[in-house]
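Everything below concerns the one structure shown next.
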Amino acid sequence: MPLEEYNKKRNFEETSEPEGKTKKSEGELIFVIQRHSATRLHYDFRLEMDGVLKSWAVPKGPSLNPKDKRLAMMTEDHPYSYRDFEGSIPEGNYGGGEVEVWDSGTYEPLEKAEGKADDLVMRSELHKGSLKFILHGKKLKGEFALVKIKNPKDDNAWLLIKHKDKFALDEYDSEDHVPKKSKVTEREENRPSKKKTVKTTENFTKSFQNYTSALTGEKKLKDFMKPMLAKVGEEAFDSKDWVFEIKWDGYRAIADLRKNTKFLYSRNGLSFSEKFYKISEALEDQKFPMVLDGEIVAFNSKGQPDFQALQQIGDHPNMAMTYQVFDLLWLNGKSTENLTLIERKELLKDALVENDVVKYCEHIPEKGKNFFNQIEKMNLEGMIAKKITSIYTEGARSADWLKIKFQQTEDVLICGFTEPKGSRKQFGAIILGTYVNGELQYCGHAGTGFSNKKLEELYELFEPLITSEAPFKDVPKTNTKATWVKPEIVCEIKFTEKTGDGIFRHPVFLGIRTDKEKVDIKKTSLGEDLKPEKSAKKAPKKEEEVENAETKVSSSKTKTMKKTRENEQEKKIGKQTVKLTNQNKVYFPESGITKGDLVEYYQSVAKYILPHLKNRPQSLNRFPNGIGGLSFYHKDAGDSAPDWIEKATIFSESNEKDIQYLVCNTAADMAYLNNLGCIDLNPWNSKIDNLEFPDWLALDLDPSEGNTFEDVIEVALATKEVLDQVKIEGYCKTSGSSGIHIFIPMGGKYDYEQVKNFAHLLMQKVQQLVPEITTLERSLKKREKNEIYLDYLQNRGGQTLASVYSVRPKPGAPVSMPLNWEEVKSGLKPTDFNIYNALDRIKKNGDLFKPALGKGIDMLNALKNLEK
C-alpha cells in the first residue's frame, strides 16, 4: 500500500493531518510546496502521481536560479488531501511543528508521450530516476528537473534543478517570498537554540577568512588533511631515483571520498564543493572510498592552464577544467601515506575512474631535462620532481618534492592600494608585502593585471580591512596617496627579477589565493623554503633530447607532410570564411605532421566523412598543442563558436544542466573544429532530430595491455560468426588505435536502451566463443591483463567513438579505416592506414562504411535467430 508508511508514522487522534487515502485529480496533475518548521526549517515538495503526493524534503527551499542545485531527500508518500494542509503538528508527533502552503498549482511532464496519460509518463520517469516537468504555480513557473543522485548508500537523495527558460532568475532565495505574518517564521524566530546575529563590517574584519567565505561561498572545514608541499628546485635534472610531473597552475585540492558526504577542499580546508561543483559532480563516478590529492586546472581558449580564468569561475561555471589527480592518501579503509610514491601512483592508476573532468596525472621517469624542455614548448608553468621512494607527509614541505619553474612567481600579501589616475576607478596599484625573517617588509607595487571588473571585486574585498596605520615598520613612499589595509589577503604575482633590497621588478597581478593564508607567507620566511625562488636554467638542447617526452615512439619511415604555408590565414571554404591559426605548429612530433596538414587531410576526405558526422552532436576532444601536449574534452562549446555553425542544446542528466553541442555539417565546420585542436572527430550515434534513437549499433573490441592485435582479429572474426548466425550485416573498421569497431545499421528505429540490450546479447554470444581472451567486465581493476573488453556500453545516449576516416591522436597519425571482412586476417595492423595513404585507399574503394547508415536491421527477426 503506497500510504502505509505515512499512516504508520502518525497518531491521528493527536495530529490534525489527514488520514492516508488515495485520490486522483479529475483534471491536471497538481503540485504543492509546504514550508515546514520541524526539527529544522525545510520545504516539502510534492507532486501528484498515482493517486498520492510523491514527496521530497528540500532543506534550502526551491530556487528559480538554474545554478542552484537543491538537495531533495525523498520521503514517504502523502495523501492527495494533504495539498491543503496547514497548521500545527503537536510536539512529540512525527514532523512536530508548523506547516504552511508556500506555493501550489498544476504541473505537466516536459516531454509528453503520445497515447500516454501525463500521470503514466511521470511515473515512468520516477522509476528511471529523472523527472522533467513544467510547474504552473504562483511562485514557481517553468521547467524543472528532479534527478536522482547515484549513491548506493543513500537511495533517497535527489537534486531539484531549475532549467534555463524565461522564468529563470540569476538570484533567488525562497525565504524572500514568505508571508509577512507567518506562524512558521514566528516559530523559527522563537527557537530557544537559535541565536540572532547581526552582519556588520566589523564582524567581517575579525576574520578575513570569514569575509572571503561570505563572498565566494567557501566554508572552512573543521577537520581536514593538509597536503604535502614541495620545496623550490633551481634547475632541471636527470635521475633514475626521481619522476617528473607537470606543475599545474591552478588550485591544490584534496578530494575526500570516504563517506556518503564527499568533500573537496583547498590546502587550508576551504570547501571547494560548491564553487567547483563541476569537479564535485565528476567525482561521483569513483567506485572506491579514497582520498585524492590533485590540482584543479582551468583552460583558456588555447587549451593552456589559466589561473586567472579559474578565478572567474563564478562568471563562467561551465569553463573547461580538470581535476588532475597525482596522489592517493587513503584507499578502502587504509592509509597509503607510508607507501612509496611509485606504489601510491600504481594503486591510484588502477583505482581512479577517469572521465571528462577527473584525470590521472602521468609522470615521466628519470629524464627530467628532456621533460622540462618539452613542457617549456607547451608554455606551462614548470615541473614537479618527486623522489620515487618518498612517503607522503601531511602538511610538510619536503625536499623529496621540488618545484622547478620557468616563470618567476611568488605569493605575497596585499598591504594597501594607491589612488587611481586618469580613467581608472577604484585604485591604481596594490602595495605588496612579504615576511623577511618573520618581519613584514615592503616589496613593491603592482598596477597591471586587472580588468575593470577585477578592480571592483578587489576594492569590495579591501574595504572592510582598511586601516589608518601602515603595516610596515619602514613605511614606503608611493607615487600617489596610499590607503592601507590589514595584511590578510594573499595574492600571486609574476615578475622579472628582484633587486638587491628585495623589491620586485615589473610585478603583474595574477590572482587572489583564497587557498592560502598569511601564515603560509610567514612560515616560508622562517626557513621552510631553504632556497630562493628563481628561474629554472634551461638544459642544453641536444638532438637526442628533443624526442617526445610523454610518448616514446619509434622512428617513422614515412615522409614528412610539412609544407610551406601561411601560419595564420583566413580561408574561404564553401560559403564561410574560416580563420585558421598556427598552421605550422607540429602536432605529431615523430613525423613532423602539422596542424595545417591535419586541416588539409580532413578537407581532402570531406565528401566521404561528412555523411557520418552530419546532424550529430560532437564531443570535442581537443589537443591544442598536438599529441605531446595537454588534451581535454570540451562538450559545451557553443558560446564561443561562430554563428554559422549549428548548435544543439541538450540537457545532460549527469551534469544536471543544458549543454550546447556543436554539429559538424560542412567542410567549413570541420576546419573550425580542426583549428580548435580536434584531431579526431567524435559524433553521437543519433541525430539531433531523432536524439533518442541511434542510427547504428557500435561494438568496440577494446584490448588490454597484454593483448596483441592478432587477438583483436580473432575476436572480430568471432563477432562476424555471431552476426552470420543471426543473419545481420556488420561493418568493421580499425579504431585507429589498438582495437576494432563493428557497426550494425539500426536506422533510428529503436531507442538507446533497446540497442544497448541487443548489443549486450551479441557480446555475450561472442564471449562464449572466445572466453579465454574476452571479458564483459568494464572495470580495469577486475579485468585480466590479457582480456579484450567487449564494450557494448558504447550504445548509451551521449557515448561516442571516433568517426570512420578520423585521424587519431597517436604517433604516425593513424586513421580509423573501414575494412572488407576479407581483410580482417592475420597480418593486419592498426597502423596500416594513416594520414599519408588514407585518401588513396578511400578513392580506390569508395565509402565502404556507407551501409552503416542504411535503413537498419529487423531486431525482432535477429532475436529469433539468436535463440536458435
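Taken in order, the sequence shown gives residues 1 to 868; the numbers are from UniProt numbering.
Glycine included, every Cβ here is placed at the ideal spot set by N, Cα and C.
Our contact map puts residue i next to residue j with C-beta atoms below 8 Å; I'd like the distance itself, whole angstroms only.
| i | j | result |
| --- | --- | --- |
| S704 | P830 | S704 to P830, Cβ: 15 Å. No contact. |
| F272 | A253 | 6 Å |
| E100 | E86 | 5 Å |
| Y107 | L135 | 5 Å |
Taking 7 Å as the cut-off, decide whether the C-beta atoms of residue i and residue j are in contact.
| i | j | result |
| --- | --- | --- |
| K287 | V353 | yes |
| D791 | D680 | no |
| Q583 | K572 | no |
| Y805 | Y608 | yes |
| M746 | P694 | yes |
| K727 | N820 | no |
| I33 | D103 | yes |
| E337 | Y392 | yes |
| V357 | W330 | no |
| N156 | M74 | yes |
| E492 | L465 | no |
| T418 | T478 | yes |
| F299 | F651 | no |
| G303 | G677 | yes |
| I645 | L620 | no |
| D700 | H741 | yes |
| G250 | I296 | yes |
| K181 | E98 | no |
Pull the bridge partners of residue i from the DSSP assignment, please.
| i | result |
| --- | --- |
| T393 | Looking at the DSSP assignment, T393 forms no beta bridge with any residue, so it has no partner. |
| V99 | H36 and G87 |
| K733 | H741 and P818 |
| T322 | V297 |
| N834 | P814 |
| F588 | I593 |
| I728 | Bridge partners of I728: none, in fact. |
| Y107 | L29 and L135 |
| F144 | F133 and K162 |
| L699 | I742 |
| K573 | The amino acid occupying residue 573 in the given sequence is Ile; Lys does not appear at that position. Beta-bridge pairing links I573 to Q576. |
| A57 | D44 and M73 |
| L292 | A255 and L328 |
| V807 | V815 |
| Y602 | Answer is none; Y602 lacks a bridge partner. |
| A157 | M73 |
| H78 | L53 |
| R505 | E497 |
What residue does the beta strand (DSSP E) around residue i start on, and which one ends it?
| i | result |
| --- | --- |
| Y442 | E439 to A446 |
| N621 | L620 to R622 |
| G798 | Looking at the DSSP string, G798 is not in any beta strand (DSSP E), and its letter there is neither H nor E. |
| L863 | No beta strand (DSSP E) contains L863, which is instead part of the alpha helix (DSSP H) from M859 to E867. |
| Y752 | Y752 -> not in any beta strand (DSSP E); alpha helix (DSSP H) instead, spanning Y752 to L769. |
| I279 | Careful: I279 lies outside any beta strand (DSSP E), inside the alpha helix (DSSP H) at Y277 to A282. |
| T483 | A482 to K494 |
| D791 | I788 to D791 |
| V508 | V508 to I512 |
For the alpha helix (DSSP H) holding residue i, just list the boundary residues, first then last.
| i | result |
| --- | --- |
| E724 | The question names Glu, yet the displayed sequence has Asp at residue 724. Start and end: F709 to Q725. |
| E125 | D118 to K128 |
| L169 | Note, L169: premise wrong, no alpha helix (DSSP H); not H, not E. |
| A852 | No alpha helix (DSSP H) holds A852; DSSP gives it neither H nor E. |
| K749 | Note, K749: premise wrong, no alpha helix (DSSP H); not H, not E. |
| E460 | N452 to F462 |
| A309 | F307 to Q311 |
| I627 | It is not in any alpha helix (DSSP H) - I627 carries neither H nor E in the DSSP assignment. |
| I521 | K518 to K523 |
| V184 | K183 to E189 |
| Y6 | E4 to K8 |
I'd like to know whether the C-beta of residue i is nearer than 7 Å to at least one C-beta of chain B.
| i | result |
| --- | --- |
| K785 | Judged by its chain identifiers, the structure shown contains no chain B, having just a single protein chain. |
Does the beta carbon of residue i fall short of 6 Å from some heavy atom of the ligand PLP?
| i | result |
| --- | --- |
| N795 | You won't find the ligand PLP in this model; it holds no ligand whatsoever. |
Quick check for students: name the residue ranges of the beta strand (DSSP E) that lie wholly in the region 633 to 689, counting only runs of 3 or more.
647 to 652 and 657 to 663
Suppose only complete runs of 3+ residues qualify. What are the beta strand (DSSP E) ranges in the region 230 to 262, listed by chain order?
242 to 247 and 251 to 256
Could you name each continuous alpha helix (DSSP H) segment of 4 residues or more that falls completely within the UniProt domain "ATP-dependent DNA ligase family profile" (325 to 449), going from the start of the chain to the end?
341 to 351 and 368 to 377
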